[in-house]
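**Q**
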Amino acid sequence: MQNAIREAEERIMTAVEPCITRQIRELENRFETQFTNVQETMRGIGLQMAELTAARRHGGNGDRATRPATRLTRLDFPKFTRDDVESWIAKCERFFLLDGTQEGDKVSVASIALDDNSFRWF
Numbered sequence: 396m397q398n399a400i401r402e403a404e405e406r407i408m409t410a411v412e413p414c415i416t417r418q419i420r421e422l423e424n425r426f427e428t429q430f431t432n433v434q435e436t437m438r439g440i441g442l443q444m445a446e447l448t449a450a451r452r453h454g455g456n457g458d459r460a461t462r463p464a465t466r467l468t469r470l471d472f473p474k475f476t477r478d479d480v481e482s483w484i485a486k487c488e489r490f491f492l493l494d495g496t497q498e499g500d501k502v503s504v505a506s507i508a509l510d511d512n513s514f515r516w517f
């Protein structure tokens with residue numbers, strides 16, 4: 396009886412082994428392809444970082460490095476006087492545009508221009 400069980404196990408292993416080997420090779424191929432893609436992506440990121448670093452060394456940051464400096468005078472951020480909020484917002488937007496302020500920095504920059512009472516509200 397044990398011989399019959401061993402023979403059945405061997406037949407099953409002989410039948411299953413090529414399938415398992417094929418699946419392992421497929422997984423290895425997929426892994427290798429994905430690893431190659433990750434390496435290419437990392438190389439691209441490295442090149443972008445090198446370009447940004449070089450641009451910053453030459454006096455710019457981000458898109459500022461690609462546009463010429465046109466500022467002839469210093470730009471001061473508009474002070475908030477509580478008189479005409481809409482006009483102040485328009486002036487702020489104009490400042491942000493001319494200064495090249497990043498979207499995520501606009502609120503922080505604008506909060507500096509608030510007087511004490513307005514800043515407490517902020």
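Read left to right, the sequence shown gives residues 396 to 517 (my numbering).
For each residue, glycine too, the CB sits at the ideal point set by N, CA and C.
1) Within 10 angstroms of its Cβ, does Phe426 collect 16 or more other Cβ (buried), or is it exposed?
2) Can you give me the C-alpha to C-alpha distance between Ala445 and Arg420, rounded to a whole angstrom?
3) Under 6 Å Cβ to Cβ from Leu447, same chain only, skipping five residues before and after it: list those, please.
4) Among residues of its own chain, excluding the 5 on either side of Glu405, which ones have a beta-carbon nearer than 8 Å to its beta-carbon?
5) Any idea what DSSP makes of Thr496, helix, strand or coil?
6) Can at least three beta-carbon pairs, one atom from the stretch 501 to 509 and one from the stretch 470 to 478, be found at a separation below 8 Å?
7) If we ignore side chains and look at the alpha-carbon of each, how far apart do Gln497 and Phe491 end up?
8) In angstroms with no decimal places, state the Cα-to-Cα distance between Thr436 and Phe430.
**A** Checking against the coordinates, here is how it stands:
1) As a first step, residue 426 is located in the sequence shown; it is residue number 31 there, counting from the start. By the neighbour-count rule (16 or more Cβ atoms within 10 Å), Phe426 is not buried but exposed.
2) Taking the first residue of the sequence shown as 1, we reach residue 445 at position 50. Taking the first residue of the sequence shown as 1, we reach residue 420 at position 25. About 37 Å.
3) In the sequence shown, counting from the first residue as 1, residue 447 sits at position 52. Closer than 6 Å at the Cβ level, and outside the excluded window around Leu447, lies no residue.
4) On the sequence shown, position 10 is the one that residue 405 refers to. Counting only Cβ-Cβ distances below 8 Å, and skipping sequence neighbours, we find nothing.
5) For the purposes of this step, residue 496 is taken as the residue at position 101 of the sequence shown. DSSP places Thr496 in coil when its eight states are reduced to three.
6) Short answer: they touch.
7) Position 102 of the sequence shown holds residue 497. Position 96 of the sequence shown holds residue 491. Cα to Cα, Gln497 sits roughly 8 Å from Phe491.
8) Counting from 1 along the sequence shown, the entry for residue 436 is found at position 41. Counting from 1 along the sequence shown, the entry for residue 430 is found at position 35. If you take the alpha carbons of Thr436 and Phe430, they lie about 10 Å apart.
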